[in-house]
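In my numbering, the protein residues as written are 13 to 328.
The beta-carbon is built from N, C-alpha and C at its ideal position, and this holds for glycine as well.
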Amino acid sequence: FLKKISTRSIWKLIFLTAVILTFSYNAFSYDIFNYIFDAKIITHYQQNPYLHKALDFPQDPMLNFMQWTHRTYPYGPGWLFLTVPLAFIGSNIFIITFFLFKFLITGFYLGTAYLIQKIIKEIRPEDGVAGLVFFALNPLVVIESLVSAHNDMPMIFFAMLGIYLAIKKKWFISFLTIGFSYLIKQVTIVIIFPLSLFLLSSIYPKIKLSTESFIKLCVFFLLLGFSYVLAKMEIQPWYFLWVLPFLALLKPSKIIYFLNGGITLGLLLRYAPFLYRGDWNGNVLLIKTYVTFVTPLIFLFIFLLFTYLKKTKKNT
13 FLKKISTRSI
23 WKLIFLTAVI
33 LTFSYNAFSY
43 DIFNYIFDAK
53 IITHYQQNPY
63 LHKALDFPQD
73 PMLNFMQWTH
83 RTYPYGPGWL
93 FLTVPLAFIG
103 SNIFIITFFL
113 FKFLITGFYL
123 GTAYLIQKII
133 KEIRPEDGVA
143 GLVFFALNPL
153 VVIESLVSAH
163 NDMPMIFFAM
173 LGIYLAIKKK
183 WFISFLTIGF
193 SYLIKQVTIV
203 IIFPLSLFLL
213 SSIYPKIKLS
223 TESFIKLCVF
233 FLLLGFSYVL
243 AKMEIQPWYF
253 LWVLPFLALL
263 KPSKIIYFLN
273 GGITLGLLLR
283 YAPFLYRGDW
293 NGNVLLIKTY
303 VTFVTPLIFL
313 FIFLLFTYLK
323 KTKKNT
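So, in structure tokens, the structure goes:
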């Protein structure tokens, strides 16, 4: 079906989605307000966000609608490198700064989609549209990047750029790019391991590692990192952005589509109790956990059932 749709049509839909949702309110997350304030601590208060938190400036009107005002800056300096200029341009005018941050995330969303298409064209040109749709039109990606404007998207963009540069054998810039991704958020540092092995395979012929295998290794290590984080803290829907873009690089398969659909729906359903009740109190945590894990299992059961019925039909 996707092969019948032109890439141009898909990109029109992606751009339309991006334009509309860039101007949406971040209804499901207040993180963008913290991003703005972290940069504001530097540009307006001339202080260090690693040492000072929002509560240290109680007179600031932004505290009236912020959450997590008790924490200091938790990310790498790479994110400040990207956002401090925007806070400076915004001149402490909230609405201007807010949309500058939204535009930034939208730009990285579009850039990541473009890189995914470029990488797939390098290894499997016939699957370019499928991978593009898998990522750019996934409801979870759309909501967490364009609506909620999480800074996971810039991290993923630079990681994806590093992979593309590695495929083009531009090793030095590739490692630098992965390093900058790490300086935004630390998750993608695990890509250094498959990247190093991929470099060695280009130097020593006895080490055989195809581009496809390199990408699979990247997915594997990111899944390990994802699992490690989940074991230590509560799952958040946008955490799946650490893995999903790289799944788009894999050869399309029904099991990946089914599991991705189940995980995506399960993570999005975590917002349902909040939309229904208006808060996160009571048994909401139990409901969130239930829908997160049960929904993918239902999708997996449906996939296995269809597979079984298909085999049974062939045998008869």
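- By the beta-carbon neighbour count (other beta carbons within 10 angstroms, threshold 16), ILE22 is buried.
- With distances taken between CA atoms, VAL159 lies nearest to TRP250 out of LEU63, TRP250, SER186.
- Rounded to the nearest whole angstrom, the C-alpha separation of SER225 and LEU207 is 11 angstroms.
- Taking the C-beta atoms as reference points, GLY88 is found nearer than 9 angstroms to ILE196.
- Considering only PHE305, LYS266, LEU33, LEU261, the residue with the shortest C-alpha distance to THR276 is PHE305.
- The beta carbon of GLN59 sits closer than 6 angstroms to the beta carbons of ILE53 from its chain, once the five residues preceding and following it are set aside; these are given in chain order.
- Judged by DSSP in its simplified three-state form, PHE226 adopts helix.
- By the Cβ rule, the stretch 226-238 does not count as touching the stretch 122-129, because fewer than three pairs are nearer than 8 angstroms.
- DSSP, reduced to helix, strand and coil, places LEU262 outside both helices and strands of the structure shown, so it counts as coil.
- Residue state for ASP291 is assigned as coil, using DSSP reduced to three classes.
- Between the beta-carbon of THR84 and that of PHE113 there is about 19 angstroms, and that puts the pair past the 8 angstroms contact cut.
- Under the 10 Å beta carbon count, VAL303 is surrounded by 16 or more other beta carbons and is classified as buried.
- CA-CA distance, PHE69 to THR301, rounds to 36 angstroms.
- The residue among TYR42, ASN38, LEU149, PHE169 with its C-alpha nearest the C-alpha of GLY90 is PHE169.
- About 33 angstroms separates the beta carbons of ALA260 and GLY102, which is beyond the 8 angstroms limit, so they are not a contact pair.
- Distance between LYS228 and LEU262, taken at the CA atoms: about 7 angstroms.
- The C-beta distance from GLY274 to THR319 rounds to 15 angstroms, too long to meet the 8 angstroms contact threshold.
- Taking a C-beta distance under 9 angstroms as the contact criterion, GLU134 and TYR176 qualify as a contact pair.
- Take the alpha-carbon of PHE35 and the one of GLN129: they are about 25 angstroms apart.
- Note on geometry: alpha-carbon atoms of SER213 and ILE201 lie some 20 angstroms from one another.
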